[in-house]
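Everything in the sequence shown is counted per UniProt numbering, starting at 1 for the first residue and increasing by one.
We put the CB at the ideal spot given by N, CA and C, even for glycine.
See below for the structure under consideration.
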Amino acid sequence: KSLIEDSVGKVDVGSTLVESAGETMAEIVSAVTRVTDIMGEIASASDEQSRGIDQVGLAVAEMDRVTQQNAALVEESAAAAAALEEQASRLTEAVAVFRIQQQQQQQRETSAVVKNVTPATPRKMAVADSGENWETF
């Protein structure tokens, strides 16, 4: 009988240990599940970050392309401005020739008018007589 009681006691202790081990295993499974979930979230976040980095790379490449395009447009604008300035300078020179010719023509006309005008002859001032011809007037 003592052997049975001893065996029953050991079975009770073993049963308690098995129950405790079962709870520990459940906790381990729960922890592994949480770790798996966290690893999934990390993988998802890493994938999202990777896509974000790809988008940033594309944006930087686009900005580089637009910057190069803007630089080319600035160079074209500078060349066009220089050409326009050159044309304006040539136009100013061409117009200046016409102005000089016009001024010379006006000077010729002015000098021709001055030559055609005869100077006025000085008039003699009337001198008052002593009054002898007053009555005949």
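I'd like the list of long-range same chain contacts for residue i, defined as Cβ closer than 7 Å, with 5 residues on each side in sequence excluded.
| i | result |
| --- | --- |
| I42 | none |
| A30 | Inspection of the sequence shows that residue 30 is occupied by Ser rather than by Ala. Within the same chain, S30 has no close Cβ partners at all. |
Please work out which residues of its chain come closer than 8 Å, Cβ to Cβ, to residue i, disregarding the five sequence neighbours upstream and downstream, and give them in chain order.
| i | result |
| --- | --- |
| R95 | Sequence inspection shows Val at residue 95; the Arg mentioned does not correspond to that position. Excluding sequence neighbours, V95 sits near nothing in its chain. |
Checking contacts by CB at 7 Å: is residue i closer than that to chain D?
| i | result |
| --- | --- |
| V29 | No chain D appears in this structure, which consists of one protein chain only. |
| At which residue ranges does the stretch 27 to 82 contain complete beta strand (DSSP E) runs of 3 or more residues, listed in the order of the chain? | Counting only runs of 3 or more residues that sit fully inside the stretch 27 to 82, no beta strand (DSSP E) segment turns up.
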